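Novice: Dumping the structure here so I can ask a few things about it.
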């Protein structure tokens, strides 16, 4: 089994951890924006140093940002491209962040929204991190947050969200970046960022169908350490493999998110990272066998389901109770 890198950085507990209910609890709102606000409200005290804001419709901008938010103990809040939903405005008023960081370009979060966010920010104001494409944005986010000499660089497909969000809590807690690549090629901006980072090791997420072996071979030049894969035959097995490589049994909380809808996992990933908890994916109507096996191994004291019953059914929520220690 790979070493448990998710536990090698000390991070303060999530602000709301003491008031999370025992057993199985669902955090949800009327839509993805209200759910994002609900996750933040349950987890972060007012006066956070940073709040990250990103599109609720485009997942690519924030895949590399979720670990950064987890590392700094900051929420990720979702907005519409052209508007700040009322639930998010209310949560920003409660949080009173010193600074707001917008992840993604103006097609994802408009300049008008960026300007409107200034009324919620303190002296740090509002800044934007973006790039000419998802790979350039991934490198820019990493460059803004990580110094050279990171222990691990996680590499995942820039064309799917599932593997990146399963590993985001692990990466954030360990103080390590997540970088996006193409299925069959290593973008030049990512190669440049890896040269700057000089990672002790590189971990590739997902199988050959996500990141080709030829890309893995290219990655070996950027580290003197190993380049293993954490992968399974599908997104659920990969989610379980990431958890198995990173968490010992007896975790305090396990977070459960949809493997088909990115938004709830994106807002939940920083909370899972700050609280030292795994993020496991399920389908809307069933718990995959690989996730059942991993939950039985983890023996969590609590399980938090992210999102409403249209995303994860009440039947799945009920079945999860069997895995609470």
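Residue numbers (full-length UniProt numbering): 1 to 325. Yeah, the Cβ is synthetic: ideal placement off N, Cα and C, and Gly gets one too. All of these numbers come straight from a predicted model, not from anything done at the bench.
1) Give the DSSP bridge partners of residue 185, in chain order.
2) Would residue 249 be called buried (16 or more neighbouring beta carbons within 10 Å of its own) or exposed?
3) Could you tell me the boundaries of the beta strand (DSSP E) in which residue 154 lies?
4) Report the option in 166, 140 and 174 whose CA atom is closest to the CA atom of residue 151.
5) Express the C-alpha separation of residue 323 and residue 335 in angstroms, rounding to a whole number.
6) Write down the C-beta distance between residue 163 and residue 103 rounded to the nearest angstrom, noting that I regard them as a contact closer than 8 angstroms.
7) Run through the DSSP bridge pairs and tell me what residue 52 is partnered with.
8) If you count every other CB in all the chains shown that lies within 10 Å of the CB of residue 148, and 16 or more means buried, which is it?
9) Suppose the cutoff is 6 angstroms on Cβ atoms and the five residues either side in sequence are ignored; what does the same chain contact list for residue 38 look like?
10) Inspect the beta-carbon positions of residue 316 and residue 291 and report whether they are closer than 8 angstroms.
11) What distance in whole Å lies between the Cβ atoms of residue 69 and residue 76, which are believed to be in contact at a cut-off of 8 angstroms?
12) Taking all protein chains shown into account, do 16 or more other C-beta atoms lie within 10 angstroms of the C-beta of residue 217, making it buried, or fewer, making it exposed?
13) For the stretch 108-118 and the stretch 299-317, state whether three or more C-beta atom pairs, one from each stretch, are separated by less than 8 angstroms.
14) On the DSSP letters alone, give me the boundaries of the beta strand (DSSP E) that residue 202 sits inside.
15) Of all the beta strand (DSSP E) runs that stay within the bounds of the stretch 218-279, which reach a length of 3 or more residues?
16) With distance defined between alpha-carbon atoms, name the residue in 157, 84, 283 and 73 nearest to residue 47.
17) For my contact list, residue 243 and residue 298 are in at a C-beta cut-off of 8 angstroms; report their separation, rounded to the angstrom.
18) Hey, residue 247 and residue 268 are a contact pair by Cβ (cut 8 angstroms); roughly how many whole angstroms apart?
19) Going by beta carbon distance, what residues of the same chain come within less than 7 angstroms of residue 189, once the five residues before and after it are set aside?
20) Taking the continuous alpha helix (DSSP H) assigned at residue 134, which residues delimit it?
21) Near residue 131, which residues of its chain fall below 6 angstroms by C-beta distance, leaving aside the five closest residues on each side in sequence?
22) Near residue 239, which residues of its chain fall below 6 angstroms by C-beta distance, leaving aside the five closest residues on each side in sequence?
Specialist: For this structure:
1) Per DSSP, none; premise fails for residue 185.
2) Classification for residue 249: exposed.
3) Counting along the chain, the beta strand (DSSP E) containing residue 154 begins and ends at 152-157.
4) Nearest of 166, 140 and 174 to residue 151, Cα basis: 174.
5) The first residue shown for the chain is 1 and the last is 325, placing residue 335 beyond what the model contains.
6) In fact, because the Cβ distance is near 18 angstroms, the residues do not count as touching under 8 angstroms.
7) In DSSP, residue 52 forms a bridge with 76 and 101.
8) The residue in question, residue 148, is exposed, as its Cβ has fewer than 16 Cβ neighbours within 10 Å.
9) Closer than 6 angstroms at the Cβ level, and outside the excluded window around residue 38, lie 27 and 29.
10) No.
11) The beta-carbon distance between residue 76 and residue 69, rounded to whole angstroms, is 5 angstroms. This is short enough to meet the 8 angstroms contact definition.
12) With fewer than 16 other Cβ atoms within 10 Å, it is exposed.
13) Counting Cβ pairs under 8 angstroms, fewer than three are found: no touch.
14) That run of the beta strand (DSSP E) goes 201-205.
15) Runs of the beta strand (DSSP E) inside the stretch 218-279: 253-258.
16) Residue 73 holds the alpha-carbon nearest to the alpha-carbon of residue 47 among 157, 84, 283 and 73.
17) 7 angstroms between Cβ atoms; contact.
18) Between residue 268 and residue 247 the Cβ distance is about 16 angstroms, and since that is not below 8 angstroms, they are no contact.
19) So the qualifying residues of the chain are 135, 136 and 139.
20) Start and end: 134-145.
21) In its chain, beyond the 5 residues on either side, 137 and 140 have a beta carbon closer than 6 angstroms to the beta carbon of residue 131.
22) Within the same chain, and ignoring the five residues on either side of residue 239 in sequence, the residues whose Cβ sits closer than 6 angstroms to its Cβ are 166, 280 and 281.
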